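**Student:** Sending over a structure as structure tokens; questions will come in a sec.
There are 2 protein chains.
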Amino acid sequence: MARPREFDESTVLDAAIHCFWRYGFTSTSVTRLTDTTGLTAASLYNAFGDKRELFKRALERYVEVHVGERIERCRRLPPREAVGAFFAEILNRSLTDRERKGCMLVNTALELAPHDAEFREITAGMLQRIERFFLECFRKGQADGTIVHSSSPDGLAAHLLSVLMGVRVLARVRPEKALLEGIVSQALALLDR
Amino acid sequence: MARPREFDESTVLDAAIHCFWRYGFTSTSVTRLTDTTGLTAASLYNAFGDKRELFKRALERYVEVHVGERIERCRRLPPREAVGAFFAEILNRSLTDRERKGCMLVNTALELAPHDAEFREITAGMLQRIERFFLECFRKGQADGTIVHSSSPDGLAAHLLSVLMGVRVLARVRPEKALLEGIVSQALALLDR
DNA sequence: CTCGTTTTATAATGTTCATTCTATAATGAC
DNA sequence: GTCATTATAGAATGAACATTATAAAACGAG
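Line order of the protein sequences matches chains A and B. When we follow the numbering used here, the leftmost residue of the first sequence carries the number 592, and every step to the right adds one. When we follow the numbering used here, the leftmost residue of the second sequence carries the number 592, and every step to the right adds one.
What follows is the structure, given as structure tokens:
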């Protein structure tokens, strides 16, 4: 009926993710997007609306692929190991991230959420998803005795969420193994004694 | 010998701080700066060089005024109280920050440090200053018995630094009293048992 | 083959950006 | 008062920005 697309939407989104992840929304120009996706501006606008809409799609895909899948991977483990594995992945990512991209969700939370109500809601929801994952782990772990009872699950979950944010920030400035590992091991120790 | 300045440098820097703090480096246009400082672009460039140089001066002043003075204030207290007072101030600031500006140092660490070697060094040094403050408190507190020995001072200091970063990020997205207070009280509990 | 529809390529749009030019104004030294 | 020097005001500069207009191209339906 009509001319077919010459590109794969997910592939283009992945390229857009890489730009936005590394440089953020404002510092990613449409020119940079056309260069790295290979699409013309016309195709980009025709397919995604505008830059903001494209960013939204990219962020949603980022969270599904990079955050959601990590949570699913870890959720299959026993609760205490799940939290450990989660932070082990974060640590590994942060220490091998040569472009210092950090976490696109954290970056967006700081760049757009404060001034943009829509992105504030979106990022808040995504952060709550991580918090809920921690919460589940702690509830289960405290129930079966693999995680200590000294603190409430809610307090622990919020605390670990903030440690996660902190590690993601620090990793973009000082991606030092000793520093980040120290922070995480300190956080995990909270679960054991 | 020459025409005198019509403005006070510190006053102008404070106005610049407010812009950069709220919107970051990239999203603060020179027009916005001339509007809020009251200076013409010519005066701004004559006095400070360029936008980047002005930002650097603003950041340095921000850290002196807002971070340095807080550290000095708290340093006068006994070690355990010093840490408590520090986080009490952070919490209070975060919960009354209606513009969701967060912390200009954290914002810069995420916006500029990853791609700019000079700002990476600057922000890293400033973060280390906070870390050293924690470290001093822990060393003294462990020596006089007001802070528990269960963890190394270095590990604790790094951990609290990351909690601080995390709170500053979360506060820009979800400035909720219960959430932030929960995180901080959890962190402070680490010092007592 | 022709028509309707969507995608592409290219060029153009008008705006905003950081920065600088030109000219005028204000001072102290002489 | 004149001069050298620095600060201002306002306009101008050219580059980069996001977005769109125009027209050609590629397909299925009829």
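Even for Gly, the Cβ is constructed at its ideal location relative to N, Cα and C. For clarity, every value in this text was computed on a predicted model and none was experimentally measured.
Compare the Cα-Cα distances from B:Lys768 to each of B:Thr602, B:Leu701 and B:Asn683 and report the closest residue.
**Tutor:** For the residues B:Thr602, B:Leu701 and B:Asn683, the minimum Cα distance to B:Lys768 belongs to B:Asn683.
**Student:** Considering B:Arg689, what are the terminal residues of the alpha helix (DSSP H) in which it resides?
**Tutor:** Here B:Arg689 belongs to no alpha helix (DSSP H), and DSSP marks it neither H nor E.
**Student:** Assuming contact is defined by CB atoms lying nearer than 9 angstroms, are B:Ser685 and B:Gly675 in contact in what I supplied?
**Tutor:** For B:Ser685 and B:Gly675, no; Cβs fall outside 9 angstroms.
**Student:** Is DSSP giving A:Arg784 helix, strand or coil here?
**Tutor:** Here A:Arg784 sits in coil by DSSP.
**Student:** May I ask you to report which of helix, strand or coil DSSP gives A:Ile738?
**Tutor:** In the structure shown, A:Ile738 sits in coil (DSSP, three-state: anything other than H, G, I, E or B).
**Student:** At a CB distance below 8 angstroms, what residues from the stretch 661-693 of chain B approach chain A? Give them in sequence order.
**Tutor:** Going along the stretch 661-693 of chain B in chain order, one finds Glu690, Arg691, Lys692 and Gly693 with a Cβ nearer than 8 angstroms to chain A.
**Student:** Identify each residue in the stretch 706-740 of chain B for which the Cβ-Cβ distance to at least one residue of chain A is less than 7 angstroms, and report them in chain order.
**Tutor:** So the close ones are Arg711, Thr714, Ala715 and Leu718.
**Student:** Strictly below 8 angstroms CB to CB, what residues from chain A border B:Ser742?
**Tutor:** Those within 8 angstroms of B:Ser742 in chain A are Gln777 and Ala780.
**Student:** Output, in chain order, the set of chain B residues within a Cβ distance shorter than 9 angstroms of A:His657.
**Tutor:** Near A:His657 there are no residues of chain B at all, since even the closest Cβ is about 17 angstroms away, more than 9 angstroms.
**Student:** Given that a residue counts as buried once 16 or more other Cβ atoms are within 10 Å of its Cβ, and exposed if not, what is A:Ser753?
**Tutor:** When all chains shown are included, A:Ser753 counts as buried.
**Student:** How far does the alpha helix (DSSP H) with A:His657 in it extend, from its first residue to its last?
**Tutor:** Counting along the chain, A:His657 falls outside any alpha helix (DSSP H), and DSSP gives it neither H nor E.
**Student:** Give a yes or no on contact between the stretch 722-736 of chain A and the stretch 664-675 of chain A, applying the rule of three or more CB pairs nearer than 8 angstroms.
**Tutor:** Output reads yes: the stretch 664-675 of chain A touches the stretch 722-736 of chain A.
**Student:** Using CA atoms only, rank isn't needed, just tell me which of A:Val654, A:Arg652, A:Phe677 and A:Tyr653 is closest to A:Arg664.
**Tutor:** It is A:Phe677 whose Cα lies nearest to the Cα of A:Arg664.
**Student:** Do A:Ile608 and A:Tyr653 have their beta-carbon atoms positioned less than 9 angstroms apart in this structure?
**Tutor:** Yes, Cβ-Cβ distance for A:Tyr653 and A:Ile608 is below 9 angstroms.
**Student:** Using only CA atoms, which one of A:Leu645, A:Val697, A:Val739 and A:Ile774 lies nearest to A:Ala715?
**Tutor:** Measuring from the Cα of A:Ala715, the nearest candidate turns out to be A:Val697.
**Student:** Quick one: list the residues of chain B neighbouring A:Thr617, beta-carbon separation under 7 angstroms, in chain order.
**Tutor:** Within chain B, the residues near A:Thr617 are Thr617 and Ser618.
**Student:** Rounded to whole angstroms, how far is the Cβ of A:Val758 from the Cβ of A:Leu771, which I believe are closer than 8 angstroms?
**Tutor:** Confirmed, about 6 angstroms.
**Student:** Check the Cβ-Cβ distances between A:Asp745 and every residue of chain B, and say whether any is below 9 angstroms.
**Tutor:** For A:Asp745, the answer is yes, since a Cβ of chain B falls inside 9 angstroms of its Cβ.
**Student:** Rounded C-beta distance between A:Met756 and B:Val760? I'm assuming under 8 angstroms.
**Tutor:** 4 angstroms between Cβ atoms; contact.
**Student:** Would you say A:Met695 lies against chain B (beta-carbon separation less than 9 angstroms)?
**Tutor:** Cβ-Cβ to chain B under 9 angstroms: no for A:Met695.
**Student:** Do A:Arg720 and A:Val775 come within 9 angstroms of each other at the CB atom, strictly closer than that value?
**Tutor:** No, they are not a contact pair.
**Student:** Is the CB-CB distance between A:Phe729 and A:Leu782 below 9 angstroms?
**Tutor:** Contact: yes.
**Student:** For B:Pro744, is the classification buried or exposed, using 16 other Cβ atoms within 10 angstroms of its Cβ as the cut-off for buried?
**Tutor:** Buried is the call here.
**Student:** Should the stretch 594-601 of chain B be called in touch with the stretch 699-710 of chain A, which here means at least 3 C-beta pairs below 8 angstroms?
**Tutor:** At 8 angstroms Cβ cutoff, the stretches do not touch.
**Student:** Which residues of chain B have a Cβ atom closer than 8 angstroms to the Cβ of A:Leu755, listed in chain order?
**Tutor:** Within 8 angstroms Cβ-Cβ: Gly757.
**Student:** Strictly below 8 angstroms CB to CB, what residues from chain B border A:Arg652?
**Tutor:** Correct list: empty, because the minimum Cβ distance to chain B is about 20 angstroms.
**Student:** Can you tell me the Cα-Cα spacing of A:Glu644 and A:Ala704, whole angstroms?
**Tutor:** Those two C-alpha atoms are separated by around 15 angstroms.
**Student:** Starting from the Cα of B:Thr627, find the closest Cα among B:Asp605, B:Pro766, B:Ile681 and B:Leu650 and give me that residue.
**Tutor:** Among B:Asp605, B:Pro766, B:Ile681 and B:Leu650, the Cα nearest to that of B:Thr627 belongs to B:Asp605.
**Student:** In chain order, what residues of the same chain have a beta carbon less than 8 angstroms from the beta carbon of A:Glu702, not counting five sequence neighbours either side?
**Tutor:** For A:Glu702, where only same-chain residues beyond five positions count, the Cβ hits under 8 angstroms are Gly615, Phe616 and Thr617.
**Student:** At a CB distance below 9 angstroms, what residues from the stretch 603-616 of chain B approach chain A? Give them in sequence order.
**Tutor:** Going along the stretch 603-616 of chain B in chain order, one finds Arg613, Tyr614 and Gly615 with a Cβ nearer than 9 angstroms to chain A.
**Student:** Please report the distance separating the alpha-carbon of B:Glu651 from that of B:Met717.
**Tutor:** Near 9 angstroms, if we compare the C-alpha coordinates of B:Met717 and B:Glu651.
**Student:** Check whether the Cβ atoms of B:Arg661 and B:Glu727 sit closer than 9 angstroms, and answer yes or no.
**Tutor:** No, the Cβ-Cβ distance between B:Arg661 and B:Glu727 is not below 9 angstroms.
**Student:** Do you know offhand how far A:Ala679's Cα is from A:Ala778's?
**Tutor:** C-alpha separation (whole angstroms): 12 angstroms.
**Student:** Give, in chain order, every unbroken run of the alpha helix (DSSP H) that is at least 4 residues long and sits entirely within the stretch 700-728 of chain A.
**Tutor:** Fully enclosed alpha helix (DSSP H) runs of 4 or longer: not present.
**Student:** Rounded to a whole number of angstroms, what is the C-alpha to C-alpha distance between B:Arg594 and B:Phe646?
**Tutor:** Cα to Cα, the separation comes out at about 25 angstroms.
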